Each structure stands twice: as C-alpha cells, then as structure tokens.
Amino acid sequence: MILKVNGYLLAIILVMYFSIFLINYLKLDIKLSSDIVSTSTKQLDADMLSSLLANEIVQFNLSDVNKEIVKPSILNGVVWVTSNIWPDDIRTFLGRELVGFSQFNTEIAIAGKGTNLATLPIESPPPNDAILLNDSNKNSSSNEEKIETPKKDTSDKKVVYIYHTHSWEAFLPQLSGVTNPNQASSIDETRNVIQVGTQLQNELLERGIGTEHSTTNVTAELKKKGWGYSQSYSLTREIVQEATAKENSLVYLIDIHRDSQARKITTLNYDGIEYARLFFVVGKDNKNYERNLKLAKDLNERLENKIPGISRGVFVKSKDEGNGVYNQDLSSNSILLEFGGVDNTQKELSNTVEKFAEVFSEYYKQVEEVNN
1 MILKVNGYLL
11 AIILVMYFSI
21 FLINYLKLDI
31 KLSSDIVSTS
41 TKQLDADMLS
51 SLLANEIVQF
61 NLSDVNKEIV
71 KPSILNGVVW
81 VTSNIWPDDI
91 RTFLGRELVG
101 FSQFNTEIAI
111 AGKGTNLATL
121 PIESPPPNDA
131 ILLNDSNKNS
141 SSNEEKIETP
151 KKDTSDKKVV
161 YIYHTHSWEA
171 FLPQLSGVTN
181 PNQASSIDET
191 RNVIQVGTQL
201 QNELLERGIG
211 TEHSTTNVTA
221 ELKKKGWGYS
231 QSYSLTREIV
241 QEATAKENSL
251 VYLIDIHRDS
261 QARKITTLNY
271 DGIEYARLFF
281 VVGKDNKNYE
291 RNLKLAKDLN
301 ERLENKIPGI
311 SRGVFVKSKD
321 EGNGVYNQDL
331 SSNSILLEFG
341 GVDNTQKELS
351 NTVEKFAEVF
361 SEYYKQVEEV
371 NN
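For the sequence shown, the residue numbers in the UniProt record's numbering are 1 to 372.
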C-alpha cells in the first residue's frame with residue numbers, strides 16, 4: 001500500500017518538474033493570477049460546475065438543488081472547456097464563422113409558446129435620422145384608439161419608474177404611409193413605445209401603485225450630446241439615476257421596448273381577444289443578474305397562469321449578444337420588457353398592458369405584505 005502511494009507521489013512530482021521544465025525551456029509567459037482563473041472558470045456553466053462539485057462532494061450530490069440538474073457528459077464538458085464548442089448546440093459551431101450569427105446566442109431562460117432559435121427576438125435597427133426629423137406622423141390624426149393622459153398619482157410614494165431607452169420604436173398600424181418594418185420609428189409619443197408606458201402608468205396608478213414615467217425623446221437628447229444611437233443606454237442611465245436620486249423610493253425600474261418580429265410571432269388570440277405578446281430580457285453581466293432573473297421568471301409565470309401563451313419567454317443576454325447590462329445594475333428590481341412587434345395594434349398592446357399591470361400589482365402587494 002505504501003509503495004502504491006509513493007508511486008503516485010513520485011508520478012505527480014515528475015509531472016510537476018516536467019511541466020516546470022517545459023515552461024522555462026519554452027519561455028512561456030504564463031502567470032496564474034486570479035483573473036486568469038476567473039476567466040477560465042467562466043467557460044463552465046452552472047450545470048457543469050455543479051456536476052463537477054457533486055463528483056467530489058457527496059453531500060452536494062444529495063442536495064435538493066443538485067437533483068434538478070441535468071449532468072452533462074464528461075466528453076461534452078472537455079470539448080466545451082477546450083474549444084468553446086458544445087456538441088449538442090449547433091450555434092457553438094457556427095457562431096464565430098458566420099457574420100451576424102451571434103444574435104442567435106441569446107440564452108432562452110424560459111421558452112414561451114413557439115419560442116425557438118427561429119423566433120428569437122430581433123433588435124430594431126437604428127432609426128433613419130432624416131425620417132425622424134421630418135416625422136410626418138407627428139401630431140397627425142389616426143384611427144387607432146388614443147391613450148389617456150397620465151392620471152393623478154394619489155399613492156403614498158412612487159415605487160415604479162417607467163422609461164424607454166429606444167423611445168423611437170413605433171408600430172406600423174399607427175404610422176401613416178409607412179410599410180417597411182425597418183422604418184417603424186416615430187418621435188410622436190402617441191405612436192411609439194412611450195404610449196405603452198403611459199398606459200402602464202395609468203393602469204398601475206389605478207391599482208394604487210405610485211408610478212413615474214419618463215417621456216424623454218431619446219433621439220433628441222442624443223443629438224444634443226452629439227452621441228450615437230449605440231449610446232442610448234448611457235443616456236437613459238443618466239435619466240434613471242437622476243430620477244432615483246430625487247425619489248429614492250423608486251425601486252422597480254421598467255424599460256419598455258418593442259420587438260421587430262412579424263405579427264404571426266408577436267400576436268396571441270386567447271378566448272377571442274387579441275394580445276400583443278411580450279417577453280423579458282435580463283442582462284447577464286451585472287451584479288443584480290440573479291435577482292432580476294428571478295423577478296422576470298416570477299412575473300412570467302404569473303402572466304402565463306392568467307393568459308397561456310401571452311409571453312414569448314425570458315431571455316438572457318451577455319455583452320456578447322447585446323448590451324449585457326441594460327442598466328439593470330441600478331436596481332435588483334429591474335425589468336426590460338418588449339411589448340409586441342412592429343405589426344401590433346394599439347388595442348392589442350392595450351390588452352397586454354392591462355394584464356401585465358394586473359399581474360405586477362398582485363406581485364407587488366404580496367411582496368409588500370411579506371415585508372410588512
């Protein structure tokens with residue numbers, strides 16, 4: 001037994017000396033710092049790391065959390081760590097080779113009805129400055145139902161802050177003479193996503209939840225600063241920080257967008273009522289990721305319990321697939337919501353906003369009861 005143990009020790013020592021010899025002989029510039037270790041371990045997802053721990057720690061393997069984990073094979077794990085290729089996911093084979101393919105790297109935390117790689121959210125293209133500056137839809141009439149002006153806030157405190165990083169995102173049915181989805185932009189707040197925020201504010205106020213809504217024309221503010229559209233999140237970060245500094249009770253931050261997918265993907269008919277389907281986006285590269293993901297999953301589940309299929313799911317994005325933060329580091333109760341798509345009508349949006357407000361109100365009141 002002693003000889004066997006000594007044999008193992010001798011083998012380990014020889015491997016160590018041989019490795020040190022190679023590093024010095026080849027003059028490899030290798031420094032094992034905490035940053036290198038951190039970067040290396042980021043290649044491991046939660047399931048793989050849990051599986052590795054379970055192989056070494058018996059108690060960990062018996063935990064309730066680990067019982068729910070699907071353990072990856074050792075071969076798949078080795079291939080992933082050494083090459084960033086996951087044999088079961090074709091995206092990892094093509095992601096670096098095809099231009100634009102990185103948009104399919106979005107992680108689906110919860111898949112809604114019909115959600116797959118072919119129906120992932122599509123980011124809106126930057127608007128055409130010439131079209132926005134000469135917006136023919138500004139103040140023009142429309143057959144669409146109009147949103148009421150903001151109601152008076154009678155609540156004790158404001159807890160919800162609604163804003164729009166891409167305030168120009170609009171909806172084709174409300175735009176006169178526009179048929180190209182890539183041109184579905186407007187600075188008219190009765191036709192773009194600001195109208196959705198106004199209705200959500202009204203719905204929450206009716207339910208006794210203090211709400212503030214920013215109707216900032218992000219396009220105009222970017223121009224004033226000489227900034228490009230890629231700096232939209234930096235701009236709204238300043239806006240949100242200013243608002244929360246004045247009202248420190250604002251803890252729920254909701255950034256409302258709209259998707260660019262077509263109507264067949266963004267619309268639901270449930271019991272004869274048309275809804276503009278929504279979904280949640282959670283930034284992975286910020287300190288509040290876990291809590292924001294939990295909030296999104298909770299609200300998503302409540303929505304689906306009321307209207308099955310109304311949500312397209314919960315999506316997670318890192319800096320490789322998008323902004324990665326989305327200002328969600330400013331609060332552990334941050335939500336990025338995308339309501340409908342370019343083809344949805346105001347009525348369909350209104351139906352969905354009402355249901356979301358109902359669900360959020362129930363969630364908020366339950367949280368308040370627990371806290372009190």
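Each residue gets a CB set at the ideal place from its N, CA and C atoms; glycine is no exception.
This one's a predicted model, so the numbers in the text were calculated from it and none came from an experiment.
Cross-strand partners of residue i (DSSP beta bridge)
| i | result |
| --- | --- |
| Ser230 | DSSP lists no partner for Ser230. |
| Ile254 | Ile162, Ile335 |
| Lys317 | Gly283 |
| Ile273 | Tyr270 |
| Glu169 | Ser185 |
| Ser192 | Correcting the residue identity first, residue 192 is Asn in this sequence and not Ser. Partner(s): Ala170. |
| Leu278 | Ser311, Phe339 |
Rounded distance between the beta-carbons of residue j and residue i, thought under 8 angstroms
| i | j | result |
| --- | --- | --- |
| Ala170 | Asn202 | With a Cβ gap of about 20 angstroms, Ala170 and Asn202 do not count as contacting. |
| Thr106 | Phe339 | So it is not a contact: roughly 18 angstroms between Cβ atoms. |
| Ser214 | Ala243 | 7 angstroms |
| Gly341 | Ser260 | 6 angstroms |
| Ser350 | Val251 | Actually they do not touch by this definition, with Cβ atoms about 26 angstroms apart. |
| Tyr233 | Tyr163 | No, Tyr233 and Tyr163 are not in contact; Cβ-Cβ is about 11 angstroms, not under 8 angstroms. |
| Ala276 | Glu348 | 4 angstroms |
| Leu295 | Ile335 | 7 angstroms |
| Lys355 | Ile310 | 6 angstroms |
| Ile255 | Lys287 | Here the sequence assigns Asp to residue 255, which means Ile is not the residue at that position. Not confirmed; about 17 angstroms, so no contact. |
| Gln199 | Val353 | 5 angstroms |
| Leu253 | Tyr161 | 5 angstroms |
| Leu175 | Asp343 | That pair is no contact at about 11 angstroms. |
| Thr119 | Ile12 | Not a contact, Cβ separation roughly 52 angstroms. |
Rounded straight-line distance, which links the Cα of residue j to that of residue i
| i | j | result |
| --- | --- | --- |
| Glu247 | Asn333 | 15 angstroms |
| Ile122 | Phe280 | 13 angstroms |
| Gly313 | Leu222 | 31 angstroms |
| residue 381 | Val218 | Nothing can be reported for residue 381, as the shown portion of the chain is limited to 1 through 372. |
| Ile2 | Met16 | With a pLDDT of only 46 at Ile2, under 50, the local geometry of the prediction cannot be trusted, and no value is derived from it. |
| Ile187 | Pro181 | 16 angstroms |
| Leu299 | Lys113 | 16 angstroms |
| Gln231 | Gly208 | 35 angstroms |
| Lys297 | Ile110 | 8 angstroms |
| Lys158 | Gly197 | 15 angstroms |
| Arg263 | Leu205 | 30 angstroms |
| Ser167 | Ile273 | 27 angstroms |
| Thr216 | Thr165 | 9 angstroms |
| Tyr229 | His257 | 15 angstroms |
| Thr211 | Leu117 | 36 angstroms |
| Thr179 | Ser185 | 11 angstroms |
| Tyr346 | Asp271 | Correcting the residue identity first, residue 346 is Gln in this sequence and not Tyr. Whole-angstrom Cα-Cα distance: 19 angstroms. |
| Ile239 | Lys284 | 22 angstroms |
| Glu301 | Thr115 | 15 angstroms |
| residue 373 | Ser318 | The shown model of the chain, from 1 to 372, leaves out residue 373, and the question about it has no answer. |
| Asn372 | Lys225 | 44 angstroms |
| Asp320 | Arg291 | 21 angstroms |
| residue 452 | Gly177 | Outside the displayed span of the chain (1 to 372) sits residue 452, for which this structure offers no information. |
| Gln241 | Ser249 | 12 angstroms |
| Tyr289 | Val282 | 7 angstroms |
| Leu337 | Asp156 | 26 angstroms |
| Trp227 | Gln195 | 25 angstroms |
Coil, strand or helix - residue i by DSSP
| i | result |
| --- | --- |
| Thr109 | One point to set straight first is that residue 109 is Ala, not Thr, in the sequence displayed. It is a strand residue. |
| Thr211 | strand |
| Asp285 | coil |
| Ser311 | strand |
| Asn217 | coil |
| Asn305 | helix |
| Leu120 | coil |
| Leu235 | helix |
| Gly175 | Inspection of the sequence shows that residue 175 is occupied by Leu rather than by Gly. Leu175: coil per DSSP, three-state reduction. |
| Ala357 | helix |
| Glu203 | helix |
| Val370 | helix |
| Val15 | helix |
| Ala243 | helix |
| Asn300 | helix |
| Thr115 | coil |
| Thr345 | coil |
| Asn351 | helix |
Residue i at chain B interface by Cβ criterion, 8 angstroms
| i | result |
| --- | --- |
| Phe339 | Looking for chain B here will not work: only one protein chain is present. |
Would you call the region 306-313 and the region 348-363 touching, i.e. three or more CB-CB distances under 8 angstroms?
Touching, yes.
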